[in-house]
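First up is the structure itself, then whatever we jot down about it.
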Amino acid sequence: MDKKTVLAALSALGQDTRLEVFRLLVQSGPEGVPAGEIASRLGAVQNTMSAHLRVLDQAGLVRAMRDGRIVRYTADMTGFRDLLAYLMEDCCGGRPEICAPALDQAARRAPIGEEA
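In structure tokens:
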């Protein structure tokens, strides 16, 4: 992942609504969520939500799939993993194994210092 792509992804996630959209899509899994339902759940106007989804798509964090007349969105976990890999590349002085426990806990959604 190049620096420009990383900056686009971090910028996309640095906005409150887009971060909530991404979290919703991660929680929803591979089935995804229709665009209208995303807007409804987050209390956003459809055209505003479309703009947010476009930014996330351009940043490589979500994917759109047409299902008839409905567009469903899913989190692009490959793009997200690439972002995490870039951020962790030089972790802990080139010793990423030091960060492994924190990543394992994050994967289980347990706060650091607590067991899942």
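Residue numbers for the sequence shown follow numbering that gives the first Met the number 0, beginning at 0 and rising by one. Positions of the beta carbon are idealized from the N, C-alpha and C atoms, including for glycine.
With respect to alanine 101, glutamine 57 sits apart: the two C-beta atoms are not nearer than 8 Å.
In this structure, the CA atom of glycine 28 is about 31 Å from the CA atom of arginine 94. A straight-line Cα-Cα distance of about 32 Å links glutamine 104 and alanine 43. Here arginine 17 carries a helix assignment [DSSP, helix/strand/coil]. For leucine 82, the closest C-alpha among the options Gly35, Arg65 and Leu60 is that of Leu60.
When DSSP assignments are scanned along the region 50-112, the uninterrupted stretches of beta strand (DSSP E) that are 3 or more residues long and fall wholly within it turn out to be 61-66 and 69-74. Valine 70 and alanine 11 do not touch by the CB rule: their CB atoms are close to 18 Å apart, not below 8 Å.
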